[in-house]
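Trainee: Residue numbering for the sequence shown follows full-length UniProt numbering, beginning at 1 and increasing consecutively.
Just passing along the structure, written as structure tokens.
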Amino acid sequence: MSTEQTSPRLTYGPLYFLAALGAGGLTVTFFLYLMFWVPHAGRSVPVFEDIMAAFVAGTMLTKIMISIAWAGIAIFSALLVQMLVWNLREMARFRKTEGFTALHAGNAESQMMAIPLTLAMGVNGGFILGLVFVPGLWSIVEYLFPLAMVTFVAIGVYGLRLYGKFLGRVLTLGGFECSKNNSFAQALPGFAFAMVAVGLAAPAAMSSNLTTVGISLILSSFFVIIAALIAGAAMLLGLRSMMEHGANEDSAPTLLIGIPLLTVIGIALMRQVHALHAQFGAHGENVDSFNMLTVIVMVQIAFALFGLVVLRAQGYFSKFVSGDQVSAGSYALICPGVAMSVMLQFYVNKGLVGMGMIEKFSTVYWLASTPALLIQFGTIALLVMLNTKHFWGAAKPISALPA
């Protein structure tokens with residue numbers, strides 16, 4: 001067995017899929033500019049025609065905003081595709097190595113769930129590209145929803161097979177090392193199923209076909225429940241191990257995984273509630289959305305405080321972000337920033353504005369939106385730093401190949 005690497009510091013592993021995931025998440029943050037700041041009467045999301053009408057008729061500030069959104073979506077979608085293709089190629093090579101065999105013999109086998117997680121994000125990113133850049137897409141969208149659901153179900157089934165293989169091994173043969181479970185790394189499968197769920201919930205929020213809406217509601221509910229059960233159990237087990245052994249330094253960013261998990265599940269639930277209201281006459285009140293979003297944001301802040309206390313105590317950023325140590329797990333820092341920015345945008349627009357607590361586009365509105373924008377651009381800076389360290393300023397991680 002030999003290792004072919006141009007840099008001994010960089011070794012490939014499934015967590016590098018999170019580099020693609022982070023780029024896809026940042027695509028969503030720019031789409032929310034259009035979602036909340038461009039009129040799209042009669043539709044739950046803005047489409048090409050809405051955006052072009054706003055650009056042509058808008059003020060200079062509106063044109064600048066839309067141009068920034070276009071650029072952000074295009075750039076980070078391209079980065080998502082580039083990193084996804086690279087990861088799939090490297091994973092094909094990695095499967096031929098002893099490292100892949102070793103991965104499937106220990107706790108880290110659950111890292112394979114980063115693959116369906118990123119694939120689901122890729123489908124969501126593709127839908128955003130279609131809405132923003134393809135004229136006339138809305139006229140055929142009812143034909144696309146069933147195809148999207150089939151795709152998400154296929155990704156979900158793939159994830160269930162991966163996770164079932166992992167559970168089947170550890171629950172029959174044992175070998176799961178609880179002493180090395182001192183992080184929230186085992187919640188990654190829950191995050192993956194939540195990403196599938198939010199994709200499956202999209203047709204419920206956008207379709208006017210009752211059959212499509214009903215199937216979307218049922219399938220997305222299944223994966224929301226699976227995600228919540230897995231993530232809840234994993235966090236309890238991880239916390240127990242951390243209290244005894246301390247947090248694993250390499251996996252410490254996973255302590256923030258509750259932030260993206262709650263954002264994705266929260267959006268899935270909002271899509272379901274919208275569908276029940278629009279298509280089945282269930283009358284949800286703005287106060288219900290406000291209460292749910294308030295709880296989610298407060299719990300996310302608690303996760304952020306908890307995780308950042310540990311990361312700071314370990315000196316994680318000075319070692320793995322600005323320092324010379326390298327870990328693919330550092331890309332897990334991107335998801336919480338993306339998710340916090342996204343959820344704050346929903347909180348301001350669907351919660352505070354929806355309740356009438358602030359007026360849209362007022363001075364207070366922009367002050368309330370500022371934290372989401374600051375977190376968004378801070379996360380972009382973090383992704384640039386990590387990509388420079390792992391890819392642009394050094395040799396790419398290369399998997400070992402058989403001699």
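Glycine is no exception: its CB is placed at the ideal position from the N, C-alpha and C atoms.
State buried or exposed for T388, treating a residue as buried only when at least 16 other CB atoms are found within 10 Å of its CB.
Mentor: As a working mapping, residue 388 is identified with position 388 in the sequence shown. By the neighbour-count criterion, in which 16 or more other beta carbons inside 10 Å mark a residue as buried, T388 falls on the exposed side.
Trainee: Across the region 298 to 311 and the region 245 to 262, are there enough close Cβ pairs to call them in contact, namely three or more that are closer than 8 Å?
Mentor: yes
Trainee: Between the C-alpha atoms of L188 and M243, what's the straight-line distance to the nearest angstrom?
Mentor: The residue you call residue 188 lines up with position 188 of the sequence shown. The residue you call residue 243 lines up with position 243 of the sequence shown. Straight-line Cα distance between these residues: approximately 20 Å.
Trainee: Cα separation between G13 and A328?
Mentor: Locating residue 13 in the sequence shown gives position 13, where the first residue counts as 1. Locating residue 328 in the sequence shown gives position 328, where the first residue counts as 1. Their Cα atoms are separated by approximately 7 Å.
Trainee: Restricting to Cα atoms, I'd like to know which of S110, V141 and A205 is closest to G164.
Mentor: Mapped onto the sequence shown, residue 164 falls at position 164. Among S110, V141 and A205, the Cα nearest to that of G164 is on S110.
Trainee: Just the C-alpha distance for F193 and T212, rounded to the nearest angstrom, thanks.
Mentor: Here residue 193 is taken as the residue at index 193 of the sequence shown, counted from 1. Here residue 212 is taken as the residue at index 212 of the sequence shown, counted from 1. The alpha-carbon atoms of F193 and T212 are separated by roughly 20 Å.
Trainee: By Cβ distance below 6 Å, which residues in the same chain neighbour K350 in space, the five residues on each side in sequence not counted?
Mentor: Locating residue 350 in the sequence shown gives position 350, where the first residue counts as 1. Answer for K350: S289, listed in chain order.
Trainee: What residue range is occupied by the uninterrupted alpha helix (DSSP H) comprising Y365?
Mentor: In the sequence shown, counting from the first residue as 1, residue 365 sits at position 365. Where Y365 is concerned, the enclosing alpha helix (DSSP H) stretches over T363 to N387.
Trainee: Using three-state DSSP, classify T27 as helix, strand or coil.
Mentor: Mapped onto the sequence shown, residue 27 falls at position 27. Here T27 sits in helix by DSSP.
Trainee: Can you tell which of A23, A19 and Y16 has its C-alpha closest to the C-alpha of Q376?
Mentor: Here residue 376 refers to the residue found at position 376 when the sequence shown is read from its first residue. Ranking A23, A19 and Y16 by CA distance to the CA of Q376 puts A23 first.
Trainee: Using the three-state DSSP reduction, which class does T97 fall into: helix, strand or coil?
Mentor: Taking the sequence shown and counting its residues from 1, the one referred to as residue 97 is at position 97. Three-state result, T97: coil.
Trainee: If you run the structure through DSSP and keep just helix, strand and coil, what is T11?
Mentor: As a position in the sequence shown, residue 11 is number 11, starting the count at 1. The answer is strand: DSSP assigns T11 an E or B state.
Trainee: Given a threshold of 16 other Cβ atoms within 10 Å of its Cβ, counted over all protein chains shown, does N291 qualify as buried or as exposed?
Mentor: For the purposes of this step, residue 291 is taken as residue 291 along the sequence shown, with counting starting at 1. Classification of N291: exposed, given that the 10 Å Cβ count is below 16.
Trainee: Contact check, A201 vs Q272 under 8 Å by CB: the rounded distance?
Mentor: Numbered from its first residue, the sequence shown carries residue 201 at position 201. Numbered from its first residue, the sequence shown carries residue 272 at position 272. Contact annotation, A201 with Q272: C-beta distance approximately 6 Å; criterion of less than 8 Å satisfied.
Trainee: Where do the N-terminal and C-terminal ends of the alpha helix (DSSP H) with A202 fall, by residue?
Mentor: By one-based count along the sequence shown, residue 202 stands at place 202. Its alpha helix (DSSP H) spans residues L188 to M206.
Trainee: Hey, G190 and L229: beta-carbon distance below 9 Å or not?
Mentor: The sequence position of residue 190 within the sequence shown is 190, counting from 1. The sequence position of residue 229 within the sequence shown is 229, counting from 1. In this structure, L229 lies closer than 9 Å to G190 by Cβ.
Trainee: Enumerate in chain order the residues of its own chain whose CB-to-CB distance from V198 is below 7 Å, with the five nearest sequence positions on each side excluded.
Mentor: Within the sequence shown, numbered from 1, the residue matching residue 198 stands at position 198. V264, I267 and A268, listed in sequence order.
Trainee: How big is the Cα-Cα spacing for L401 and T97?
Mentor: One-based indexing of the sequence shown puts residue 401 at position 401. One-based indexing of the sequence shown puts residue 97 at position 97. Confidence is the limiting factor: at L401 the pLDDT is only 48, short of 50, which leaves the residue's position unreliable, though a coordinate-based value still follows. The straight-line gap from Cα to Cα measures roughly 6 Å.
Trainee: With burial defined as no fewer than 16 other Cβ atoms inside 10 Å of the residue's Cβ, what is the status of A19: buried or exposed?
Mentor: Stepping through the sequence shown from its first residue, residue 19 is reached at position 19. So A19 ends up on the buried side.
Trainee: Within 10 angstroms of its Cβ, does S318 collect 16 or more other Cβ (buried), or is it exposed?
Mentor: Residue 318 sits at position 318 when you count from the first residue of the sequence shown. Exposed, since its Cβ has fewer than 16 Cβ neighbours within 10 Å.
Trainee: For the region 53 to 64 and the region 361 to 375, state whether three or more C-beta atom pairs, one from each stretch, are separated by less than 8 Å.
Mentor: no
Trainee: Could you compute how far the alpha carbon of M206 sits from the alpha carbon of L237?
Mentor: For the purposes of this step, residue 206 is taken as the residue at position 206 of the sequence shown. For the purposes of this step, residue 237 is taken as the residue at position 237 of the sequence shown. When rounded, the distance between both Cα atoms is 38 Å.
Trainee: Does the separation of the CB atoms of N182 and H245 fall below 9 Å?
Mentor: Looking up residue 182 in the sequence shown gives position 182. Looking up residue 245 in the sequence shown gives position 245. Closer than 9 Å, so yes.
Trainee: Tell whether a beta-carbon distance below 9 Å holds between V338 and L26.
Mentor: Residue numbering aside, residue 338 sits at position 338 when the sequence shown is read from its first letter. Residue numbering aside, residue 26 sits at position 26 when the sequence shown is read from its first letter. Cβ atoms of V338 and L26: closer than 9 Å.
Trainee: With the cut-off set at 9 Å, would you say M121 and L276 are in Cβ contact?
Mentor: Your numbering for residue 121 matches position 121 in the sequence shown. Your numbering for residue 276 matches position 276 in the sequence shown. No, they are not a contact pair.
Trainee: Just the C-alpha distance for L374 and G175, rounded to the nearest angstrom, thanks.
Mentor: As a working note, residue 374 is residue 374 in the sequence shown. As a working note, residue 175 is residue 175 in the sequence shown. The alpha-carbon atoms of L374 and G175 are separated by roughly 44 Å.
Trainee: Sort M385, M298, L382 and Q279 by Cα distance to Y347 and report the nearest one.
Mentor: On the sequence shown, position 347 is the one that residue 347 refers to. Nearest C-alpha to Y347: M298.
Trainee: Measuring CB atoms only, is the region 78 to 94 touching the region 40 to 48, in the sense that at least three cross pairs come out at less than 8 Å?
Mentor: no
Trainee: Along the chain, where does the alpha helix (DSSP H) that runs through M298 open and close?
Mentor: Translated into positions along the sequence shown, residue 298 becomes position 298. That run of the alpha helix (DSSP H) goes N286 to Q314.
Trainee: Tell me which residue opens and which closes the alpha helix (DSSP H) that A105 is part of.
Mentor: Position 105 of the sequence shown, counted from the first residue, corresponds to residue 105. In the DSSP annotation of this structure, A105 is not part of any alpha helix (DSSP H), being labelled neither H nor E.
Trainee: Under a three-way DSSP split, which group does T59 fall into?
Mentor: Locating residue 59 in the sequence shown gives position 59, where the first residue counts as 1. Residue state, collapsed to three classes: coil.
Trainee: Is it true that the CB of Q345 sits closer than 9 Å to the CB of F127?
Mentor: One-based indexing of the sequence shown puts residue 127 at position 127. One-based indexing of the sequence shown puts residue 345 at position 345. No, the Cβ-Cβ distance between F127 and Q345 is not below 9 Å.
Trainee: Return the Cβ separation of A296 and L262 in integer angstroms, given the expectation that the two are a contact with Cβ distance under 8 Å.
Mentor: Stepping through the sequence shown from its first residue, residue 296 is reached at position 296. Stepping through the sequence shown from its first residue, residue 262 is reached at position 262. It should be pointed out that residue 296 corresponds to Ile in this sequence rather than to Ala. Going by Cβ atoms, the distance from I296 to L262 rounds to 5 Å, so yes, they are a contact pair.
Trainee: Just to confirm my understanding: we take N124, look at its own chain, exclude 5 residues before and 5 after, and list those with CB closer than 6 Å. What are they?
Mentor: Locating residue 124 in the sequence shown gives position 124, counting from the first residue. So the qualifying residues of the chain are G199.
Trainee: Quick check: the Cα distance between V196 and S220, rounded to an integer number of angstroms?
Mentor: If you number the sequence shown from 1, residue 196 lands on position 196. If you number the sequence shown from 1, residue 220 lands on position 220. One C-alpha to the other measures close to 8 Å.
Trainee: Could you say which of E285, W138, Q186 and L382 lies nearest to S322 if we only look at CA atoms?
Mentor: Position 322 of the sequence shown, counted from the first residue, corresponds to residue 322. S322 has its Cα closest to that of L382, out of E285, W138, Q186 and L382.
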